[in-house]
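**Q** Can you read through this structure? Questions will come right after.
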Amino acid sequence: MALDTARDMSLSRIAMKAELLDAETELRLAYAWRDERCEQSLHRLITAYMRLAISMASKFKRYGAPMNDLIQEAGLGLMKAADKFDPDRGVRFSTYAVWWIKASIQDYVMRNWSMVRTGSTSSQKSLFFNMRRVQARLERESAAAGETLDRHQLRQMISTEIGVPLHDVEMMEGRLSGSDYSLNATQSTEDEGREWIDALEDDSAQASETVEHAHDTEQLREWLLHAMNDLNERERFIVRERKLREAPRTLESLGQELSLSKERVRQLEAAAFGKMRKSLENQSREVLHFLA
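The numbers in the UniProt record's numbering rise by one with no breaks, and the one at position 50 of the sequence shown is 50.
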């Protein structure tokens, strides 16, 4: 921790001693980097505005991320801005860089806030970084007016204020309410307290269910094979081509191969299914469970 603090102070001191660029120098350096890929010009441009990046990074310390990491992300955003900056548009580099620096820091904070993906859409970002501030203001205003807001009313007002769906507000509220906890943490302070992971329901198939499913599948397979044997050769061919292929054939293609009309093939198919159903019902009343 002390080493990180010293590093942060060192970076800040270096940034504060960097040159201040006037508009003309800044433009010249930007052209040199864009047109000639002059790394020395890029270095001067980045160094000159590193103080801006550090200043913006310090505003995100309340989210619990190490300041050194925030500064690094701010620096990455600054480099992205320099790489994409177009000096022909007549905008100061600092104005353009602010958006990239902020986006880089916000992405980092959201990635590291929780193991559960918090979200990356613009509405989710707006909620993540503004929800608590807006909520605190709404609560102050309602208290000043002598009103009391319940949780549902407050969520609805936040939704309207930030311009996001109510469902997103409810989800973000839950994610911001606490930190991640290990599933291997014990549920009590007792020495032999069970871990939280032990309380999770095992949704995998039980052994008895697996055996029962395998038995039913094999039984149904035998019934179907017996029913298929009750069909004549042409009917079996139609059933195989229509129902047992990965890509079932059309009535028209079968009609062309068998020199029959499409309607006649449909009739033969229906008759074959009728025979199979009767055969299956005769074999066992249990088959009705599968045919229902």
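We put the CB at the ideal spot given by N, CA and C, even for glycine. Remember, predicted model here, so these are calculated numbers, not experimental data.
Would A74 and I101 qualify as a contact pair, given that the criterion is a beta-carbon distance under 8 Å?
**A** Yes; because the gap between Cβ atoms is below 8 Å, this pair is in contact.
**Q** Are V134 and I162 close, meaning C-beta to C-beta below 8 Å?
**A** Cβ atoms of V134 and I162: closer than 8 Å.
**Q** For L244, count neighbouring Cβ atoms within 10 angstroms of its own Cβ and tell me buried if that reaches 16, exposed if not.
**A** L244 comes out exposed.
**Q** Would you check if the region 139 to 157 and the region 85 to 92 touch, i.e. whether three or more CB-CB distances between them fall below 8 Å?
**A** Touching, no.
**Q** Going along the chain, which residues of its own chain have a beta-carbon closer than 6 Å to the beta-carbon of K80, five neighbours each way excluded?
**A** Hits under 6 Å: W100.
**Q** T148 lies in the alpha helix (DSSP H); which residues open and close that run?
**A** Per DSSP, T148 belongs to no alpha helix (DSSP H) and is neither H nor E.
**Q** Measure the C-alpha to C-alpha separation of residue 322 and A57 and round it to an integer number of angstroms.
**A** No information on residue 322 is available, as it lies outside the stretch 1 to 292 that the chain covers here.
**Q** Looking at A53 and N112, is the spacing between their C-beta atoms short of 8 Å?
**A** Their beta carbons are not under 8 Å apart, which means N112 does not touch A53 by this criterion.
**Q** How many Å lie between V239 and N282 at the Cα?
**A** Between V239 and N282, the C-alpha separation is close to 20 Å.
**Q** Just verifying my parser: in three-state terms, what is the DSSP assignment at A2?
**A** With a pLDDT of 43 at A2, under the threshold of 50, the predicted position of this residue should be treated as unreliable, though the coordinate-derived value follows. DSSP places A2 in helix when its eight states are reduced to three.
**Q** Give me, in chain order, the residues of the same chain whose beta-carbon lies closer than 6 Å to that of C38; leave out the 5 immediate sequence neighbours on both sides.
**A** Excluding sequence neighbours, C38 sits near A32.
**Q** Alpha carbon to alpha carbon, what distance is there between L70 and Q124?
**A** For Q124 and L70, the distance between alpha carbons rounds to 20 Å.
**Q** Here's the rule I'm using: 16 or more other beta-carbon atoms within 10 Å means buried, otherwise exposed. How should D168 be labelled?
**A** Per the 10 Å Cβ criterion, buried.
**Q** Roughly how many angstroms lie between the CA atoms of S55 and R13, to the nearest whole one?
**A** Taking the straight line joining both Cα atoms gives about 12 Å.
**Q** With DSSP run on the structure shown, which of helix, strand or coil describes S95?
**A** Residue 95 is actually Thr in this sequence, not Ser. Of the three classes helix, strand and coil, the one that applies to T95 here is helix, per DSSP.
**Q** Distance, Cα to Cα, R242 vs K262?
**A** For R242 and K262, the distance between alpha carbons rounds to 13 Å.
**Q** Counting only runs of 4+ residues fully inside the UniProt domain "RNA polymerase sigma-70 region 2" (45 to 113), write out the alpha helix (DSSP H) ranges in chain order.
**A** 50 to 58, 67 to 84, 93 to 113, all fully within the UniProt domain "RNA polymerase sigma-70 region 2" (45 to 113).
**Q** Taking 8 Å as the CB-CB cut-off, is E281 touching chain D?
**A** Any reference to chain D falls outside this structure, which holds one protein chain only.
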